[in-house]
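Read in my numbering, the sequence shown has 39 at position 39, and its numbers run on one by one without any break.
Cβ coordinates follow ideal geometry from the N, Cα and C atoms, glycine included.
The structure displayed is predicted, hence computed values, not measured ones.
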Amino acid sequence: MSTIVMSGCATGIGAATRKALEAAGHKIIGIDIRDAEVIADLSTAQGRKQAIADVLLQCSEGMDGAVLCAGLGVQVKPAGKVTSVNYFGAVELLDAFLPELQKGHRPAAVVISSVASAHLAWDRNPLAAAFEAGDEAQAAAIVEGAGDQGGNLAYAGSKNALTVAVRKRVETWGKAGVRLNTVAPGATDTPLLQAGLKDPLYGESIARFVPPLGRRAEPSEIAAVIAFLMSPAASYVHGAQFVIDGGIDALMRPTAF
Ligand code: NAD
């Protein structure tokens, strides 16, 4: 058995991933705003600091993996909360956990990004400089000043930066012996998606997002790929983004990959 720290394990993809990893015999230390071993709000610097401290206390016997699922959707207001949870709530935890993971057994980490990470190019991501500078207030100010498109910018911009942050860590983490990958789900039937579909501004465009497979994913279908990436079967997979979207990315961008 190994110990895996997870954020966002209370519902949706995180809950399904917790179930899959527990079925594979792992012990989970979950971080969430509810129903978790560590209750913390990852939208604030103080909450993230407390989450990291509590996790390290609970991992006295070591940490072998991390799966960072916590995230907020386009419809959440203020939009700055989305940039805080989706980017800082993942990257700060990753960096804090690396020294512990490095001492773990066959260590690996998976970060949940999104197909939306490719909706915006890094060199045209208006949030790139603020994220790279670790300037949470500036990232929030940019999205909150973007009017109706603030939610879209917060979501796609934070997921684009999250995938870039993982890719930029590939050498450090590789040398440390810790595999690090992202998954990029498309529309998956979770509370986050249901809330987006009900949103008067974004609901219609989310509903139009129908993939070639003709249906949305079940959370367990995303969890199965995460469980594979966390397993020894993925021992040479590092720095990769696994797109799990029923074909929507290939449909929209057949020549870009
Ligand atoms: P969800 O709402 O079911 O799960 C999100 C989890 O994050 C919940 O357990 C929630 O309590 C937790 N969380 C939210 N705010 C938090 C905070 N401030 N502090 C701590 N925990 C917090 O949604 P989901 O769809 O399962 O989302 C999981 C991940 O998958 C997210 O990162 C999301 O962006 C990503 N994703 C989802 C979809 C989709 O269509 N559902 C598509 C692409 C990517």
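Distance cut-off 6 Å: residue i Cβ against heavy atoms of the ligand MG
i	result
proline 254	No copy of the ligand MG occurs in the structure displayed; its ligands are the ligand NAD alone.
Residue from the options with nearest C-alpha to residue i
i	options	result
lysine 77	Gln149, Thr182, Ala227	Gln149
glutamate 171	Phe97, Thr44, Gly186, Gly239	Gly239
alanine 140	Ala79, Cys9, Arg253, Val237	Ala79
serine 113	Leu98, Val183, Gly151	Val183
arginine 216	Gly203, Leu197, Ser60, Ala187	Ala187
alanine 90	Met252, Val164, Leu192	Val164
glycine 62	Gln50, Asp135, Pro232, Leu101	Leu101
valine 237	Gly73, Gly12, Ser43, Val110	Val110
Residue i beta carbon near the ligand NAD (any heavy atom closer than 6 Å)
i	result
valine 85	yes
cysteine 59	no
isoleucine 33	yes
Beta-carbon contacts of residue i that lie in its chain and below 6 Å, excluding the five residues immediately before and after
i	result
glutamate 92	Arg48
Under the three-state DSSP convention, the category residue i falls into
i	result
proline 200	coil
alanine 128	helix
threonine 172	helix
Residue i - containing beta strand (DSSP E), residue span
i	result
valine 183	179-185
lysine 27	27-32
leucine 68	65-68
glutamine 50	Careful: glutamine 50 lies outside any beta strand (DSSP E), inside the alpha helix (DSSP H) at 45-58.
glutamine 241	241-244
7 Å Cβ shell around residue i - same chain, five flanking residues per side excluded
i	result
phenylalanine 276	Nothing in the structure corresponds to residue 276, since the chain is present only between 1 and 257.
arginine 18	Met6, Cys9, Ile28, Gly30
alanine 130	Gln138, Ala139, Ile142
histidine 119	Ala156
alanine 36	Cys9, Ala10, Gly30
The alpha helix (DSSP H) enclosing residue i, as first and last residue numbers
i	result
glycine 14	12-23
alanine 116	First-last for alanine 116: undefined, no H or E at that position.
valine 210	Taken as a continuous stretch (DSSP letters only), valine 210 belongs to no alpha helix (DSSP H), as it is neither H nor E.
threonine 163	150-168
Cβ-based neighbour list, residue i, same chain, cut-off 8 Å, excluding 5 preceding and 5 following
i	result
leucine 201	Gln75, Asp148, Gly151
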